[in-house]
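Visitor: Please see the structure below; I have some questions.
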């Protein structure tokens, strides 16, 4: 799993926080990253690494 | 309106109290005046536009007493020099001296007077002059307080035990002296001296007074302990440097720094830093209260683990703690002494006896054999002599003593006799909630696992994260897990998230423990548990969600649980005709949940300490006789205000000092036991009075001469002595029956 905000590698069960957006679940290394993501999810999902979920867009 | 407590001098009985109160209330502008005889204080409330202290003092002076400034309360640290304590000790010593002297002199008098019973007694002992020499100090030194009391009663046109004792023993003594000086005059009537009767009566009544003085207990230290709650020094920021100053030097606007574990010196508002405070002294609330900049902190409360700086807003006599001290002082000042039951009986008895004596004199004078004057005098005196029961002074103190001892064996500590008497007459009991009806600390009440999760796992993971926590909720969870003997999973990377909960790491993943805020912050979906969680929250419980690797394991509900037996105790009190009310500073929802569980219908919640005392005052003003049961500092004013205060031994020292009874084990069943013991004791006191007066009353007709026409029988010292002996033994034996009382 990669944290969409800070791009760090995250082990899902040990993640600090999670968010669900458009049916996908994303994991974060810290609460601050989740807060940023929740405010502007599109910004962090567009361009660059995609979240590690089964179907890639 | 101004309210102040003054010292009053010159009072010595309940009638004086009435005169001072009436004098004060008659001053225009005075709203309320409550005078206390024991503490020699008057608590006065008046409109300071219409009256002032000199005017009040003048009114009291016109009534014949003195109003003065009350001496300031003792400063913290001033040990031992307690004037009231010294006064009590002196009184006890005085009575003990007299009692021993009375006993030492009475024995030879009895032996000498009754040589028929003691043939070995030397002749000189039976000599009237010897008896006179022995009896005189007993009559006038040991018995002095009764003669003075008789004169006081005369002035107030009332009667008490003192009147009865003085009349009876003086009649016996004077008559015996007259007999001694003119034996032939009285020979016809077969009169005999009664020196031993007067001596023994006086000695036994003084014995009773001594026992009562001992049973009156020591002065309440509640005020002293309250004052000691505020630290004596404070760390103030002066010119950017921390300076330790005496608390009394802190002024409004000063910046004060508090470190972890310290007590706050004065009231104020936090300007920098944050922490959690233990405010149980004010609210009784067992959970720490979070404080941030802008929050109010109170003097006397304890800081937990954070540090902060606050600006002093209320200092000295304006702090919340000082207000509580004043409330307790005012409550203690307004206590009225319970009139002795024996005095009330005597008050009725004396006029009856005087009437019978007068009638006896008249009848014998008119119809008696000659010398009819001699017969009349002898028999009238005999009526007075026999009408003075020696055991009446023992009736109350012996019962109280045995009851107090038995109470102590059962875990009910009775601090003074009047508390036990007051409890016997109580018809309303008010319970504090936290720490009194409840355990006073949170315990786990519900564990709700999510679907597919075992209850043990919810608890085990939660306890694993909370190990070593000093927070009451954490302690509760660990305690429950230990109770169930659960093995705890290894937990690492433990972090406290203030206001939210705990963030830790288990081998399976991140372990989150906390409230809804934490769940939202981490994005945990707890909807499946929402229904159960909402129901628990509605009952005022604190919720702890347990989440492992973003999967909710369950929710744990924590609340301050009702003590065992609470429900049964409330029902038992109702069954005894006592109304039960709950009074608490805590939130309404929590209060109502607990009240429902306990079966209490009448609940008053979110009540401040001063309003607790006011509630008690209102109940008493409505004619109820109220017992207050509490354990916290915030209960002290109410405990002092009630007819009788009952403190939980598991609670604060301040509460135990403010109350008249303490339940050593904090077990609520002690309340019922105490009430039953008190009622039984009052019954025993009444029985004792019957025994004390009974034998003598039966002999009054004999003394008056009713048996003379039949059998020529008149009163003799032997008969009087027999009555004394039987009544004393009956009273003591009856009191000793309390030793075997079972709750």
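Protein chains in written order, with this note's numbering: chain A, 482 to 538; chain B, -19 to 723. All C-beta atoms, glycine included, are put in the ideal place defined by N, C-alpha and C.
Given that a residue counts as buried once 16 or more other Cβ atoms are within 10 Å of its Cβ, and exposed if not, what is residue 649(B)?
Guide: buried
Visitor: Smallest Cα separation from residue 341(B): which of 466(B), 98(B), -16(B) and 353(B)?
Guide: 353(B)
Visitor: Look at the alpha carbon of residue 32(B) and the alpha carbon of residue 703(B), and state the distance between them as a whole number of angstroms.
Guide: 58 angstroms
Visitor: Quick one: Cα of residue 88(B) to Cα of residue 159(B), how far?
Guide: In this structure, the alpha-carbon of residue 88(B) lies about 20 angstroms from that of residue 159(B).
Visitor: What residues from the segment 530 to 546 of chain B come within 8 angstroms of chain A, judged by C-beta to C-beta, listed N to C?
Guide: 530
Visitor: Kindly identify the DSSP beta-bridge partner or partners of residue 14(B).
Guide: 23(B)
Visitor: Thinking C-alpha only, which one of 514(B), 485(B), 527(B) and 486(B) is nearest residue 726(B)?
Guide: Not covered by the structure: residue 726(B). The range shown for chain B is -19 to 723.
Visitor: Checking 8 angstroms against the spacing of the C-beta atoms, do residue 672(B) and residue 351(B) come in under that value?
Guide: no
Visitor: Rounded to a whole number of angstroms, what is the C-alpha to C-alpha distance between residue 408(B) and residue 609(B)?
Guide: Rounded to whole angstroms, residue 408(B) to residue 609(B) spans 11 angstroms at the Cα level.
Visitor: For residue 496(B) and residue 525(B), what's the separation of their Cα atoms in angstroms?
Guide: 8 angstroms
Visitor: In chain B, what lies closer than 7 angstroms to residue 490(A) by C-beta?
Guide: Near residue 490(A) there are no residues of chain B at all, since even the closest Cβ is about 15 angstroms away, more than 7 angstroms.
Visitor: What separation, rounded to the nearest whole angstrom, lies between the Cα atoms of residue 205(B) and residue 509(A)?
Guide: 54 angstroms
Visitor: In three-state terms, what does DSSP make of residue 199(B)?
Guide: If DSSP states are grouped into helix, strand and coil, residue 199(B) belongs with coil.
Visitor: Which word fits residue 698(B), buried or exposed, when buried means at least 16 other C-beta atoms lie within 10 angstroms of its C-beta?
Guide: The residue is exposed, with fewer than 16 neighbouring Cβ atoms inside 10 Å.
Visitor: Are the C-beta atoms of residue 501(B) and some chain A residue less than 8 angstroms apart?
Guide: yes
Visitor: Can you list, in chain order, the residues of its chain with a C-beta nearer than 7 angstroms to that of residue 283(B)? Leave out the 5 residues immediately preceding and following it.
Guide: The residues are 238, 240, 241, 242, 244, 255 and 257.
Visitor: Can you list, in chain order, the residues of its chain with a C-beta nearer than 7 angstroms to that of residue 152(B)? Leave out the 5 residues immediately preceding and following it.
Guide: 174, 177, 178 and 365
Visitor: Going by DSSP in three states, residue 273(B) sits in which element: helix, strand or coil?
Guide: coil
Visitor: Name the DSSP bridge partner or partners of residue 540(B)?
Guide: Answer is 422(B).
Visitor: Residue 712(B) and residue 374(B): beta carbons closer than 8 angstroms?
Guide: yes
Visitor: On the criterion of 16 or more Cβ atoms from any shown chain inside 10 Å, does residue 252(B) qualify as buried, or is it exposed?
Guide: Exposed: under 16 other Cβ atoms inside 10 Å.
Visitor: For the segment 478 to 493 of chain B, enumerate the residues whose C-beta is nearer than 7 angstroms to any C-beta of chain A, in chain order.
Guide: Taking 7 angstroms as the Cβ-Cβ cut-off against chain A, the residues of the segment 478 to 493 of chain B that qualify are 485, 488, 489 and 490.
Visitor: Of all the beta strand (DSSP E) runs that stay within the bounds of the segment 232 to 259 of chain B, which reach a length of 3 or more residues?
Guide: 235 to 238, 247 to 253 and 255 to 258
Visitor: Taking one C-beta from the segment 452 to 460 of chain B and one from the segment 415 to 434 of chain B each time, how about it: are there three or more such pairs within less than 8 angstroms?
Guide: yes
Visitor: Count the CB pairs spanning the segment 291 to 308 of chain B and the segment 104 to 119 of chain B that are closer than 8 angstroms, and state whether there are at least three.
Guide: no
Visitor: Measuring alpha carbon to alpha carbon, tell me which of 263(B), 167(B), 248(B) and 708(B) ends up nearest residue 274(B).
Guide: 248(B)
Visitor: Distance check for residue 503(A) and residue 490(B), CA to CA, integer angstroms please.
Guide: 24 angstroms
Visitor: In the DSSP assignment, find the unbroken alpha helix (DSSP H) run with residue 499(B) in it and report its ends.
Guide: 496 to 502
Visitor: Going along the chain, which unbroken runs of the beta strand (DSSP E) with 3 or more residues stay wholly within the segment 37 to 101 of chain B?
Guide: 46 to 49
Visitor: For residue 512(A), go through chain B and note every residue whose CB falls closer than 8 angstroms to its CB, in chain order.
Guide: 501 and 502
Visitor: Name, in chain order, the residues that DSSP records as bridge partners for residue 483(A).
Guide: 490(A)
Visitor: If you reduce the DSSP assignment to three classes, tell me which class residue 556(B) lands in.
Guide: Coil.
Visitor: Is there at least one Cβ from chain B nearer than 8 angstroms to residue 496(A)'s Cβ?
Guide: yes
Visitor: Relative to the C-alpha of residue 495(A), which residue among 214(B), 471(B), 372(B) and 637(B) is closest?
Guide: Nearest neighbour of residue 495(A) by Cα position, chosen from 214(B), 471(B), 372(B) and 637(B), turns out to be 471(B).
Visitor: Using DSSP bridges, identify the partner residues of residue 218(B).
Guide: 221(B)
Visitor: Do you know whose CA, among 69(B), 705(B), 402(B) and 596(B), lies nearest residue 184(B)'s CA?
Guide: It is 705(B).
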